[in-house]
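**Student:**
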Amino acid sequence: MKTISVPAREQVGPQSQEIFDTISQRIGRVPNLYATMGYSSHALKAMLDFEDTLTHSVFSAREREAVYLTVSQVNGCEYCLAAHSILARKRGYSNEEIINFRKGFATDPRLNTAIQLAKAIVENKGKADEAVRDAFFDAGYDEAALMELAALATLRTFTNYAYALTKIPLDFPAVEEI
């Protein structure tokens with residue numbers, strides 16, 4: 293079986309190197325998963341642009357982290373669980389809340405409907421139960437929020453799959469299994 297390694301800056305093309313420079317300036321380093329995506333500047337740029345666009349969605353940064361943890365747990369992505377647990381803590385979530393998101397629920401009723409739907413979307417390849425979808429709408433979300441939630445699930449599934457295909461080393465503290 294071919295082993296995928298995390299490339300050094302010199303091992304990727306000039307477009308990826310430029311993106312690496314931007315990431316390094318912003319967060320101080322290039323995480324292993326981003327570096328590995330850098331084998332394709334198109335894939336890395338698309339993911340980052342998609343993620344950046346979704347920062348302007350109906351879902352706050354805190355809510356997005358909750359969704360990302362739920363999706364990454366369903367997809368079994370150790371890497372994204374580790375990275376997004378740190379980010380969720382930075383957004384003010386407790387360890388207990390992070391574990392709850394990974395289990396697929398939130399104590400906030402409105403956020404819980406979004407997490408339940410995100411979980412159903414991923415578990416059922418987009419075919420969420422109507423009752424779960426209706427609960428999302430009953431909680432006050434609209435059609436735009438539905439499309440944005442599907443986009444959040446898709447974005448994180450992409451990074452989850454990138455890790456599953458490469459199994460590159462974690463560069464964030466591993467999270468406990470639940």
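According to our numbering, the sequence shown is numbered sequentially starting from 293. Using N, Cα and C, we set each Cβ at its ideal position, and we do this for glycine too.
Which whole-angstrom value describes the C-beta separation of ALA454 and MET329, a residue pair presumed to lie in contact below a C-beta threshold of 8 Å?
**Tutor:** Looking up residue 454 in the sequence shown gives position 162. Looking up residue 329 in the sequence shown gives position 37. Indeed they touch by this definition, with Cβ atoms about 6 Å apart.
**Student:** Is the stretch 364-376 touching the stretch 416-428, taking contact as three or more C-beta pairs under 8 Å?
**Tutor:** no
**Student:** Which residue wins for smallest C-alpha separation from LEU361, given the options TYR331, ILE407, ASP341?
**Tutor:** Residue numbering aside, residue 361 sits at position 69 when the sequence shown is read from its first letter. Ranking TYR331, ILE407, ASP341 by Cα distance to LEU361 puts ILE407 first.
**Student:** Are the CB atoms of PRO401 and ALA431 nearer to each other than 8 Å?
**Tutor:** Counting from 1 along the sequence shown, the entry for residue 401 is found at position 109. Counting from 1 along the sequence shown, the entry for residue 431 is found at position 139. Contact flag set, yes.
**Student:** Three Cβ pairs or more, each shorter than 8 Å: is that satisfied between the stretch 313-321 and the stretch 431-450?
**Tutor:** For the pair of segments examined, the stretch 313-321 was found not to touch the stretch 431-450: the number of CB pairs separated by less than 8 Å stays below three.
**Student:** With a CB to CB cut of under 8 Å and the five nearest residues on each side skipped, what residues in its chain are close to LEU346?
**Tutor:** As a first step, residue 346 is located in the sequence shown; it is residue number 54 there, counting from the start. ARG356, GLU440, ALA443, LEU444, LEU447, listed in sequence order.
**Student:** Please identify the residue among VAL467, PHE312, SER308 whose C-alpha is closest to the C-alpha of ILE391.
**Tutor:** Position 99 of the sequence shown, counting from 1, holds the residue named residue 391. For ILE391, the nearest C-alpha among the options comes from VAL467.
**Student:** Quick one: using the 10 Å Cβ neighbour count with 16 as the cut-off for buried, is SER297 buried or exposed?
**Tutor:** Position 5 of the sequence shown holds residue 297. Exposed: under 16 other Cβ atoms inside 10 Å.
**Student:** Around the Cβ of GLY396, are there at least 16 other Cβ atoms within 10 angstroms (buried) or fewer (exposed)?
**Tutor:** Locating residue 396 in the sequence shown gives position 104, where the first residue counts as 1. Buried, since its Cβ has 16 or more Cβ neighbours within 10 Å.
**Student:** I'd like to know whether the C-beta atoms of VAL359 and ALA427 end up nearer to each other than 8 Å.
**Tutor:** Residue 359 sits at position 67 when you count from the first residue of the sequence shown. Residue 427 sits at position 135 when you count from the first residue of the sequence shown. No, Cβ-Cβ distance for VAL359 and ALA427 is not below 8 Å.
**Student:** Going by beta-carbon coordinates alone, are VAL366 and TYR331 separated by less than 8 Å?
**Tutor:** Within the sequence shown, numbered from 1, the residue matching residue 366 stands at position 74. Within the sequence shown, numbered from 1, the residue matching residue 331 stands at position 39. No, Cβ-Cβ distance for VAL366 and TYR331 is not below 8 Å.
**Student:** Can you list, in chain order, the residues of its chain with a C-beta nearer than 8 Å to that of PHE351? Leave out the 5 residues immediately preceding and following it.
**Tutor:** In the sequence shown, counting from the first residue as 1, residue 351 sits at position 59. VAL359, ALA406, ALA437, GLU440, LEU441, LEU444, listed in sequence order.
**Student:** Taking C-beta to C-beta, are LEU340 and ILE311 nearer than 8 Å?
**Tutor:** The residue you call residue 340 lines up with position 48 of the sequence shown. The residue you call residue 311 lines up with position 19 of the sequence shown. Yes, these two residues count as a Cβ contact at 8 Å.
**Student:** DSSP on VAL304, reduced to helix/strand/coil?
**Tutor:** Residue numbering aside, residue 304 sits at position 12 when the sequence shown is read from its first letter. When secondary structure is reduced to three states using DSSP, VAL304 falls in the coil class, being assigned neither helix nor strand.
**Student:** Nearest to ASN324 by CA position, among ARG301, ILE470, ILE460, GLY368, is which residue?
**Tutor:** What you label residue 324 is simply residue 32 of the sequence shown in a count that begins at 1. Nearest option by C-alpha distance: ILE460.
**Student:** If you measure between the beta carbons of ARG321 and GLN309, is that distance less than 8 Å?
**Tutor:** As a working note, residue 321 is residue 29 in the sequence shown. As a working note, residue 309 is residue 17 in the sequence shown. Not a contact, by the Cβ cut-off of 8 Å.
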